[in-house]
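If you count the sequence shown from 1, position 56 lands on 56 in the UniProt record's numbering, and the numbers rise without skipping.
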Amino acid sequence: MVKEYPAFKAAAVQAGPVYRDRPDYFDTEATLEKAVGFIEDAAKEGARLIVFPETFLPGYPYWSLDLDNGPEWAVTWREYLKHSVEVPGEETELLCEAAKKSNTYLVLGINERGLWDKNISFHD
Numbered sequence: 001m002v003k004e005y006p007a008f009k010a011a012a013v014q015a016g017p018v019y020r021d022r023p024d025y026f027d028t029e030a031t032l033e034k035a036v037g038f039i040e041d042a043a044k045e046g047a048r049l050i051v052f053p054e055t056f057l058p059g060y061p062y063w064s065l066d067l068d069n070g071p072e073w074a075v076t077w078r079e080y081l082k083h084s085v086e087v088p089g090e091e092t093e094l095l096c097e098a099a100k101k102s103n104t105y106l107v108l109g110i111n112e113r114g115l116w117d118k119n120i121s122f123h124d
């Protein structure tokens, strides 16, 4: 027997994080503000599920994948780790509040301060 579920609107956020100029490329605070803005906008349009890209927070250093340039790679990845997210932490608290305030389910890719990136979900 097939179980039926109520229909809901989902929003897929097709956006990138906020980057700055070197050497401190990542702007976690500005990226969080950007995410909260997308959450508020999607909720106003009736979305109940809002999904962000992989490693949206703090971003992903796609420009530094040249492993032949070791010194530049080391600087970039040190900054990446510095701006990565702790779970639980200030960033996740802000995202929890945004999900609760907008009455939505939120899925957002982060780079946690550790070995792996994660997909985290929040709901009201």
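Think of the CB as a built atom: it goes at the ideal place given N, C-alpha and C, for glycine as much as any other residue.
Taking just the CA atoms, how far does D68 sit from F52?
Here the question's residue 52 lines up with position 52 in the sequence shown. Here the question's residue 68 lines up with position 68 in the sequence shown. Those two C-alpha atoms are separated by around 31 Å.
Within this structure, are the beta carbons of L108 and L94 separated by less than 9 Å?
Position 108 of the sequence shown, counting from 1, holds the residue named residue 108. Position 94 of the sequence shown, counting from 1, holds the residue named residue 94. Not closer than 9 Å, so no.
How would you label A74, buried or exposed, when you count the other beta carbons within 10 angstroms and need 16 or more for buried?
The residue you call residue 74 lines up with position 74 of the sequence shown. That one is exposed.
Measure the C-alpha to C-alpha separation of G59 and A7 and round it to an integer number of angstroms.
One-based indexing of the sequence shown puts residue 59 at position 59. One-based indexing of the sequence shown puts residue 7 at position 7. So the alpha carbons of these two residues sit roughly 32 Å apart.
With distances taken between CB atoms, is the gap from V87 to T28 smaller than 9 Å?
Along the sequence shown, read from residue 1 onward, the residue named residue 87 stands at position 87. Along the sequence shown, read from residue 1 onward, the residue named residue 28 stands at position 28. No, the Cβ-Cβ distance between V87 and T28 is not below 9 Å.
Answer with buried or exposed for V13, where buried requires no fewer than 16 other C-beta atoms within 10 angstroms of its C-beta.
Working through the sequence shown from its first residue, we reach residue 13 at position 13. By the neighbour-count rule (16 or more Cβ atoms within 10 Å), V13 is buried.
If you run the structure through DSSP and keep just helix, strand and coil, what is R113?
Here residue 113 refers to the residue found at position 113 when the sequence shown is read from its first residue. If DSSP states are grouped into helix, strand and coil, R113 belongs with coil.
Start and end of the alpha helix (DSSP H) containing R78?
Locating residue 78 in the sequence shown gives position 78, counting from the first residue. Unbroken alpha helix (DSSP H) run through R78: G70 to H83.
Please report the distance separating the alpha-carbon of K9 from that of D24.
Counting from one through the sequence shown, the residue named residue 9 turns up at place 9. Counting from one through the sequence shown, the residue named residue 24 turns up at place 24. Spanning the two alpha carbons is a distance of roughly 37 Å.
Rounded to the nearest angstrom, what separates G37 and W77 at their Cα positions?
Translated into positions along the sequence shown, residue 37 becomes position 37. Translated into positions along the sequence shown, residue 77 becomes position 77. Their Cα atoms are separated by approximately 28 Å.
What first and last residue would you give for the alpha helix (DSSP H) that runs through K101?
As a first step, residue 101 must be located in the sequence shown, where it is residue number 101. Counting along the chain, the alpha helix (DSSP H) containing K101 begins and ends at E90 to S102.
CB Y5 to CB L49, shorter than 9 Å?
The residue given as residue 5 occupies position 5 in the sequence shown. The residue given as residue 49 occupies position 49 in the sequence shown. No. Outside cutoff.
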